[in-house]
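Please read the structure below before turning to the comments.
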Amino acid sequence: MKVKFVSKLSKMSDAIFIILSKKSSLKNLGLKDEFIKEILRSIDNKGFKFKLNEMLEINNLSDKKLKSIFVYGLGNKLNNISFLDYEKIGGRITELTKSKNQISVIIDKDVSNDEFLMRLGYGSILGSYEFNKYKTKNLRKSELSLIEIITNNSLKINRNFNRYKCIAEGVFFARDLVNEPSNILYPKEYANRIKKLKKYGLKIEVFGETKMKALKMDSLLGVGQGSQRESQLVLMHWNGNKAKKTKPLCFVGKGVCFDSGGISIKPSNKMEEMIGDMGGSAAVVGTMLSLAKRKAKVNAIGVVGLVENMPDGKAQKPGDIVKSMSGQTIEIQNTDAEGRLVLADALWYAQKRFQPELMIDLATLTGAMVVSLGSLIAGLFSNNDKLSKQIFEAGFNVDEKVWRMPLHKNYDKLMNSKNADVQNINYVGGAGSTTAAQFLQRFVLNKTPWAHLDIAGMAFSKYGGALNSSGATGFGVRLLNELVEENYE
Ligand code: BES
Ligand code: MN
Ligand code: ZN
167 MKVKFVSKLS KMSDAIFIIL SKKSSLKNLG LKDEFIKEIL RSIDNKGFKF
217 KLNEMLEINN LSDKKLKSIF VYGLGNKLNN ISFLDYEKIG GRITELTKSK
267 NQISVIIDKD VSNDEFLMRL GYGSILGSYE FNKYKTKNLR KSELSLIEII
317 TNNSLKINRN FNRYKCIAEG VFFARDLVNE PSNILYPKEY ANRIKKLKKY
367 GLKIEVFGET KMKALKMDSL LGVGQGSQRE SQLVLMHWNG NKAKKTKPLC
417 FVGKGVCFDS GGISIKPSNK MEEMIGDMGG SAAVVGTMLS LAKRKAKVNA
467 IGVVGLVENM PDGKAQKPGD IVKSMSGQTI EIQNTDAEGR LVLADALWYA
517 QKRFQPELMI DLATLTGAMV VSLGSLIAGL FSNNDKLSKQ IFEAGFNVDE
567 KVWRMPLHKN YDKLMNSKNA DVQNINYVGG AGSTTAAQFL QRFVLNKTPW
617 AHLDIAGMAF SKYGGALNSS GATGFGVRLL NELVEENYE
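If you want it as structure tokens, here you go:
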């Protein structure tokens, strides 16, 4: 579906969507008198009050080419309407007009500006996402192919809107990756899809098991050793700041294409959700794609560890001890605490090779995170107050919220192992998200400003929200784009 900003109502539209704060604004929208009369008649008949999110659909219009006119209320507390509300209204537009082909959107001029119009368009694009490639029948596909938003500033807005389009494309790419089942999207196939992003100017490197073995990444490799599918580590380079030789930003993602738990196997109920256990890596890939598409003036590296966690005769077993690339040995007490094992080597490699300006990892890391914050806010763990504040603000601005959770040396102690340097679960139970983060911190150099986002509750949802119908959310792509743009471009 496309969004365009245009100067006048097209005859091709089969519906008009009118966003209004009050009845008296209706006559200032440049509509034909016959339309105004028909709309006023319906408004009075139905007792439409212009309350926020109140909606009226008018059919059987005298103009037979036009199937419907929608009237959407903005309420009377107009000062309270934010950019994010406009995005959500955009999402409502695509949902309500699914059965139309092409629509025009007209907005009360008293309550709009260029940014509001773009947010409306952005929300309607984000809300248009569908994942139906495997449906061969009963396809309830949207028919809507074009939304034209009317404005007398169309040239400028179309130019500025490019940024939003690029970010939405990154979000969609991430959503597709998360929604794909693991028989299709296994590590090598995932790496191949990332390789194709070369055409947008990203430089891609792919390491297979031989290369990782040579790099001594036995923590990551141990997770994948029970799988028929070869593990991969993929690096994406975006070199958008050619002027200065700056240290890059590093984004690192957990890419467990399927998490069965391994020998510490998970219960079967909802195990299928674990096709989404690569949501952290998808956010990294989606972000790198949008940075490249919008030609962000920044140097950034994405690192994703792609594995499948399976039970097998060759699989890693509880009690095994592996040596990570950092040299630290790890006792595996539970093979289902695998994400941290993948990240341990990916984080270490990223720091050693790139000495990043900052490093942020994203992972669907712990069920405990879903227990503490549910599916509304992601957990943030960090060794750096400034970075935490930047991430918190970016998340707030784009409605991908995070909340800072504690790290503390007394939690760190709980990860000490009797026979190895560290163990992969804590030995007293409780504080599962914090102790997972403490484990990661053992692989972070003190000098590296680092943040870990536990997005276990955020990467996919059964119920969906205003801007996604259900399934993968693409959480993290908007947040990281905002963070980069506000602080590092
Ligand atoms: N991928 C899971 C965490 C998860 C759970 C993500 C639910 C999304 C939804 C992770 O690998 C895992 O299994 N974690 C264990 C850790 C435990 C063994 C210490 C968990 O949370 O139970
Ligand atoms: Mn697991
Ligand atoms: Zn997992």
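Numbering (this note's numbering), first residue to last: 167 to 655.
The beta carbon of each residue, even a glycine, is placed where N, CA and C say it ideally should be.
message = Shorter than 8 Å, the distance from the beta carbon of glutamate 504 to the closest heavy atom of the ligand MN, or not?
response = Glutamate 504: yes, Cβ under 8 Å from the ligand MN.
task = Please name the residue in Ser636, Val568, Arg608 whose C-alpha comes closest to that of leucine 646.
result = Selected option, being the one with the closest Cα: Val568.
query = For the ligand MN, any of its heavy atoms closer than 8 Å to the Cβ of valine 422?
reply = Checking every heavy atom of the ligand MN against the Cβ of valine 422, one is found closer than 8 Å.
key: Start and end residues, alpha helix (DSSP H) containing glutamine 607   = Unbroken alpha helix (DSSP H) run through glutamine 607: 598–607.
ask   = Within the present structure, is the beta-carbon of aspartate 425 separated from the nearest heavy atom of the ligand BES by less than 8 Å?
value = Yes - the ligand BES has a heavy atom lying nearer than 8 Å to the Cβ of aspartate 425.
request  = Pick helix, strand or coil for valine 610, following the three-state DSSP scheme.
outcome  = Assignment of valine 610 by DSSP, reduced to helix, strand and coil, places it in the coil class.
ask   = Of all the alpha helix (DSSP H) runs that stay within the bounds of the stretch 353–438, which reach a length of 4 or more residues?
value = If only uninterrupted alpha helix (DSSP H) runs of at least 4 residues are considered, those enclosed by the stretch 353–438 are 353–361, 375–380, 384–390.
inquiry  = On a Cα-Cα basis, can you pick out the residue from Ile431, Lys369, Phe417 that is closest to serine 447?
reply    = For serine 447, the nearest C-alpha among the options comes from Phe417.
message = Suppose you measure from the CA of glutamine 398 to the CA of leucine 387; what does that come to, to the nearest Å?
response = Distance between the alpha carbons of glutamine 398 and leucine 387 is about 9 Å.
task = State yes or no: is the C-beta of alanine 638 nearer than 8 Å to some heavy atom of the ligand BES?
result = Flag unset: Cβ of alanine 638 not near the ligand BES.
ask   = Taking just the CA atoms, how far does serine 290 sit from isoleucine 255?
value = Put simply, the backbone Cα of isoleucine 255 is about 8 Å away from that of serine 290.
ask   = Looking at C-alpha atoms only, which residue of Gly213, Leu192, Lys212 is the closest neighbour of lysine 203?
value = Among Gly213, Leu192, Lys212, the Cα nearest to that of lysine 203 is on Leu192.
Inter-stretch contact (C-beta, 8 Å, three-pair minimum) for the stretch 350–368 and the stretch 399–416 = In short, these stretches touch, since the Cβ pair count reaches three.
task = Indicate, with yes or no, if the ligand ZN has a heavy atom lying under 8 Å from the CB of threonine 530.
result = Within the cutoff, so yes.
query = Around the C-beta of serine 190, are 16 or more other C-beta atoms found within 10 angstroms, so that it is buried, or is it exposed?
reply = With fewer than 16 Cβ atoms within 10 Å of its Cβ, serine 190 is classed as exposed.
query = Just checking, does the stretch 216–225 make contact with the stretch 295–315 on the three C-beta pairs under 8 Å criterion?
reply = The stretch 216–225, when compared against the stretch 295–315, does not touch it at the 8 Å Cβ threshold.
Exposed unless 16 or more other CB atoms sit within 10 angstroms - verdict on histidine 657 = The question about residue 657 has no answer here: the residues shown for the chain are numbered 167 through 655.
message = So the candidates are Ser430, Glu223, Ser228; which of them puts its Cα closest to the Cα of tyrosine 238?
response = The residue with the shortest Cα to Cα distance from tyrosine 238 is Glu223.
Cα-Cα separation between glutamate 346 and valine 508, rounded to whole angstroms = Taking the straight line from one Cα to the other gives about 21 Å.
query = Taking the alpha carbon of aspartate 578 as the point to measure from, which residue in Glu566, Arg570, Gln604 has its own alpha carbon closest?
reply = Residue Gln604 is the option with its Cα nearest to aspartate 578.
message = Can you look up serine 320 in the DSSP assignment and give me helix, strand or coil?
response = The answer is helix: DSSP assigns serine 320 an H, G or I state.
ask   = Just reading off the beta strand (DSSP E) that phenylalanine 183 is part of, what are its end residues?
value = 181–186 is the span of the beta strand (DSSP E), which, as asked, contains phenylalanine 183.
query = With burial defined as no fewer than 16 other Cβ atoms inside 10 Å of the residue's Cβ, what is the status of arginine 644: buried or exposed?
reply = Arginine 644 counts as buried, since no fewer than 16 other beta carbons sit within 10 angstroms of its beta carbon.
query = For the ligand MN, any of its heavy atoms closer than 8 Å to the Cβ of lysine 483?
reply = For the ligand MN, no non-hydrogen atom lies closer than 8 Å to the CB of lysine 483.
query = For serine 294, which of helix, strand or coil comes out of DSSP?
reply = Serine 294: coil per DSSP, three-state reduction.
task = Counting only the same chain and skipping the five closest in sequence on each side, list residues whose C-beta sits under 7 Å from that of lysine 628.
result = Shown here for lysine 628: same chain residues with a beta carbon closer than 7 Å to its own, the five before and five after excluded, namely Ser636 in chain order.
request  = Could you tell me the boundaries of the beta strand (DSSP E) in which tyrosine 238 lies?
outcome  = Residue range 234–239 is occupied by the beta strand (DSSP E) that includes tyrosine 238.
ask   = Given alanine 534, which residues of its chain have a CB within under 6 Å of its CB, disregarding the five upstream and five downstream residues?
value = Excluding residues up to 5 positions away in sequence, Gly598, Ser599 lie with their Cβ nearer than 6 Å to the Cβ of alanine 534 in the same chain.
task = Go to glutamine 556, then tell me how far its alpha helix (DSSP H) extends in each direction, as first and last residue.
result = Segment 551–564, the alpha helix (DSSP H) holding glutamine 556.
Three-state secondary structure assigned by DSSP to asparagine 304 = Residue state, collapsed to three classes: coil.
Pair within 9 Å by beta-carbon distance, valine 610 and leucine 415 = In this structure, the beta-carbon distance from valine 610 to leucine 415 does not fall below 9 Å.
message = Between the alpha carbons of lysine 584 and proline 353, how many angstroms are there, rounded?
response = Between lysine 584 and proline 353, the C-alpha separation is close to 33 Å.
task = With distances taken Cα to Cα, identify the nearest neighbour of lysine 170 among Asp276, Asn298, Lys461, Lys331.
result = Measuring from the Cα of lysine 170, the nearest candidate turns out to be Lys331.
inquiry  = If the criterion is Cβ atoms closer than 9 Å, does the pair glycine 257 and alanine 516 meet it?
reply    = Against a cut-off of 9 Å, the Cβ pair of alanine 516 and glycine 257 comes out as no contact.
task = List the residues that DSSP assigns as beta-bridge partners of phenylalanine 626.
result = Beta-bridge analysis with DSSP links phenylalanine 626 to Ala638.
ask   = Any idea what DSSP makes of asparagine 226, helix, strand or coil?
value = DSSP places asparagine 226 in coil when its eight states are reduced to three.
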